[in-house]
Amino acid sequence: MSSKVSATQSGTPFDLQFRFKPRSRLFGLIIGIDKYQSNGIRNLQGCKADAQSMVDLLSRKFHIRSSHFLCLANERATRSAIITGFQHHLLENNNIERGDAILIFYAGHGSQATAPPQWFSDEGKVETICPHDERTLDCNGKEIFGIPDRTINGLLRKLCSFKGDNITIIIDSCHSGGNTRLLGVARQANDASPLPDALDKNIWAWGLPPTAESDVPMGFPDMTISSHVLLAACRHDEVALENTSMGSMVRGAFTRSLVDLLDREKDLTQMSYSALIENLPSLENQHPQCSGKNRGRGLFGGVANRPRLFKLSNHRGTYSTEAGSIQGVVPGTPFAIHALSNVASLNSEIGILEADCVSAHSCTLRWRSGEKFAIPPGARALMLHWRPDANILKVFVNPPDNDVRSIEHVYSVVDYSESPDLTIHFTPGGAPRLERLDPIMSKYARFLDISP
1318 MSSKVSATQS GTPFDLQFRF KPRSRLFGLI IGIDKYQSNG IRNLQGCKAD AQSMVDLLSR
1378 KFHIRSSHFL CLANERATRS AIITGFQHHL LENNNIERGD AILIFYAGHG SQATAPPQWF
1438 SDEGKVETIC PHDERTLDCN GKEIFGIPDR TINGLLRKLC SFKGDNITII IDSCHSGGNT
1498 RLLGVARQAN DASPLPDALD KNIWAWGLPP TAESDVPMGF PDMTISSHVL LAACRHDEVA
1558 LENTSMGSMV RGAFTRSLVD LLDREKDLTQ MSYSALIENL PSLENQHPQC SGKNRGRGLF
1618 GGVANRPRLF KLSNHRGTYS TEAGSIQGVV PGTPFAIHAL SNVASLNSEI GILEADCVSA
1678 HSCTLRWRSG EKFAIPPGAR ALMLHWRPDA NILKVFVNPP DNDVRSIEHV YSVVDYSESP
1738 DLTIHFTPGG APRLERLDPI MSKYARFLDI SP
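In terms of our numbering, the sequence shown opens at residue 1318 and continues consecutively.
Following this line, the structure appears as structure tokens:
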């Protein structure tokens, strides 16, 4: 079956070819912006092509109906059109049933803007995506701002409430605030105007009690958020790059590698979001991220039961991987090594490496005695077994003569030299103070005082 969807039928600025019989319950909002109206924002080259490649993939791989997608590119991807499209095509769409898969894809500039003092923010900044008409004036002479993270999170919170949490966000842009997508052109724009306090308040304050309005979660990546899973092109302090592939065609490095992997995989129903990101080939100067409480789910609501694979890194002949004691790794834990081309089937084991030096989030690997073998670039490591007791919380008590005892399978009282996860300090008055030593958790709340 072949059907052509014209711009007038679908509201999309590019024609979409749907060549297969539609059958999947997946809906989406696809945005790609190369051209910006303001002279203060540099134009890009590969964002519209990225959006089209995502549509092509969903047509070819998932057999999605054309009516299930709203596609906005360049001049049609204004601030008003993006927010209105989200509300009308997703929130108010009666064809979307609770639990249906929803995909939101954005390729374009990202930025940072100065947050109002009343907003909870990181060093006074919030992350934004840049619509086509940002930094221009509307018909009333008022400035058009970027779309901040709290607005997007408010839309997603409401969408989750109405349609369920089977929501995937893919963002191929960066938000570190420079202005260099590099051809590398980086997909980021600087010098965004400070945001007014009441911007989009009707959106981001939805469902929140008045006392919580200042504490809206900041930023796009959030490991604890349950409304959606986010796949981002890079870390918050990196840039999302455009580069040339297939002759002269410019594409986003992240989207190209993501689409290529999804297209190559024969069975996506068992792959989780986190495994998808881990199985991407290494990108130069950017590290794609997967965040959200449901990142272990199968793609678009599938059941993920594929074993987790970890990328291998080689530094001067020493191999390491991002699996540590948090994942149950201890010295001697065996990892089966697989070539990247065999990730889908796991039917070709190259050899076995063992964990050597183990930290909370990573470990170095060693060969078993007399078993050296060649490891190709891009190889992955599969943990063959794990130690559940490695996940027991290690607690150091200061002073040590307080009556705090270990509880089996829950926590263990250890000496400070054993790298504890948590320290309990007792004041002279007997009040305990907790100190988190985990490098990730401590940056959010390092100390907690408990009243006696």
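From the three backbone atoms N, C-alpha and C, an ideal C-beta is built for every residue, glycine too.
No experiment lies behind these values; they were computed from the predicted model shown.
Option nearest residue i by Cα separation, candidates the options
i       : options                               : result
Asn1596 : Gly1695, Leu1754 and Leu1476          : Gly1695
Ile1692 : Gln1644, Thr1744 and Gly1634          : Gly1634
Ile1594 : Arg1753, Cys1607, Leu1585 and Glu1582 : Cys1607
Cys1491 : Lys1610, Ala1366 and Ser1428          : Ser1428
Ser1736 : Phe1743, Ile1461, Thr1744 and Ala1677 : Ala1677
Ala1509 : Ala1432, Phe1437 and Lys1583          : Ala1432
Gly1609 : Pro1648, Val1546 and Val1556          : Val1546
Asp1554 : Ala1366, Ala1368, Glu1392 and Glu1444 : Glu1444
Leu1389 : Thr1401, Phe1379 and Arg1382          : Thr1401
Ile1446 : Trp1684, Gln1369, Ala1394 and Met1588 : Ala1394
Phe1386 : Leu1407, Val1712 and Ser1397          : Leu1407
Ala1398 : Ala1748, Pro1448, Asp1417 and Met1371 : Pro1448
Glu1688 : Arg1697, Phe1713, Ile1654 and Asn1715 : Ile1654
Ile1488 : Leu1420, Gly1441, Ile1381 and Gly1524 : Leu1420
Lys1475 : Asp1417, Pro1465, Gly1747 and Ile1520 : Ile1520
Lys1442 : Gly1471, Asp1580 and Asp1514          : Asp1514
Asp1466 : Gly1458, Asp1517 and Leu1525          : Asp1517
Leu1699 : Ser1686, Gly1645, Ser1734 and Cys1674 : Gly1645
Arg1542 : Gly1471, Ala1522 and Lys1459          : First, the residue type needs correcting, since residue 1542 is Ile and not Arg in the sequence shown. Selected option, being the one with the closest Cα: Gly1471.
Phe1627 : Arg1614, Asn1412 and Arg1697          : Arg1697
Gly1747 : Pro1716, Ser1734 and Leu1754          : Pro1716
Lys1365 : Ser1383, His1380, Leu1525 and Glu1392 : Glu1392
Ala1522 : Asn1560, Gly1463, Pro1648 and Trp1436 : Trp1436
Glu1460 : Arg1396, Leu1525, Thr1468 and His1380 : Arg1396
Cys1674 : Phe1690, Gln1404, Val1647 and Asn1560 : Val1647
Gln1404 : Ser1686, Thr1468 and Gly1618          : Thr1468
For residue i, the three-state DSSP class (helix, strand or coil)
i       : result
His1726 : The pLDDT assigned to His1726 is 47, lower than 50, so where the model puts this residue is not dependable; a value taken from the coordinates is nonetheless given after this. The answer is coil: DSSP assigns His1726 none of H, G, I, E or B.
Arg1452 : coil
Val1372 : helix
Ala1398 : helix
His1632 : strand
Asn1664 : Because Asn1664 sits at a pLDDT of 48, beneath the cut-off of 50, its placement in the model cannot be relied upon, and the point is left open.
Trp1436 : coil
His1406 : helix
Arg1498 : With a pLDDT of 45 at Arg1498, under the threshold of 50, the predicted position of this residue should be treated as unreliable, though the coordinate-derived value follows. Here Arg1498 sits in coil by DSSP.
Phe1627 : strand
Gly1471 : helix
Ser1355 : coil
Asn1715 : strand
Phe1652 : strand
Arg1614 : coil
Ala1430 : strand
His1678 : coil
Ser1608 : strand
Arg1753 : strand
Leu1525 : coil
Leu1585 : coil
Cys1447 : coil
Gln1644 : helix
Supposed close pair residue i, residue j - CB separation, criterion 8 Å
i       : j       : result
Leu1682 : Leu1670 : 4 Å
Pro1605 : Ala1550 : 6 Å
Ile1486 : Cys1477 : With 8 Å as the limit, Ile1486 and Cys1477 do not qualify as a contact, their Cβ atoms being about 11 Å apart.
Leu1548 : Asn1602 : Between Asn1602 and Leu1548 the Cβ distance is about 18 Å, and since that is not below 8 Å, they are no contact.
Asp1732 : Leu1710 : At roughly 15 Å, the Cβ-Cβ gap does not stay under 8 Å, so Asp1732 and Leu1710 are not in contact.
Arg1612 : Ser1589 : 7 Å
Ser1370 : Val1576 : 5 Å
Ala1592 : Arg1625 : 6 Å
Asp1417 : Leu1343 : 7 Å
Phe1690 : Ile1667 : 6 Å
Close Cβ partners of residue i (< 6 Å) along its chain, the five nearest in sequence each way excluded
i       : result
Thr1650 : Ala1672
Arg1415 : Lys1480 and Gly1481
Leu1585 : Leu1616
Thr1744 : none
Ser1630 : Ser1637
Close beta carbons around residue i, own chain, < 8 Å, minus the five adjacent residues each side
i       : result
Asn1360 : Asp1351, Lys1352 and Tyr1353
Ser1679 : Ser1637, Thr1638, Glu1639, Ala1640 and Gly1641
Ile1413 : Phe1344, Leu1407, Ile1419 and Lys1480
Residues near residue i in its chain [Cβ-Cβ closer than 7 Å; skip 5 each side]
i       : result
Pro1511 : Ala1430 and Thr1431
Leu1579 : Leu1374, Lys1378 and Leu1585
Ala1368 : Ile1347, Ile1348, Gly1349, Cys1388, Ala1390, Phe1422 and Ala1424
Leu1600 : Ala1570, Phe1571 and Ser1574
Leu1754 : Pro1737, Asp1738, Leu1739 and Thr1740
Closer than 7 Å: residue i CB and nearest the ligand MG heavy atom
i       : result
Pro1737 : The model on display carries no ligand, and the ligand MG is accordingly not part of it.
Take every Cβ of the region 1424 to 1434, pair it with every Cβ of the region 1343 to 1352, and state whether three or more of those distances are shorter than 8 Å. yes
When you compare the region 1450 to 1465 with the region 1350 to 1363, are there three or more beta-carbon pairs, one atom per stretch, that lie closer than 8 Å? yes
Indicate whether the contact test is met: 3 or more Cβ pairs, each with one atom in the region 1633 to 1644 and one in the region 1564 to 1583, closer than 8 Å. no
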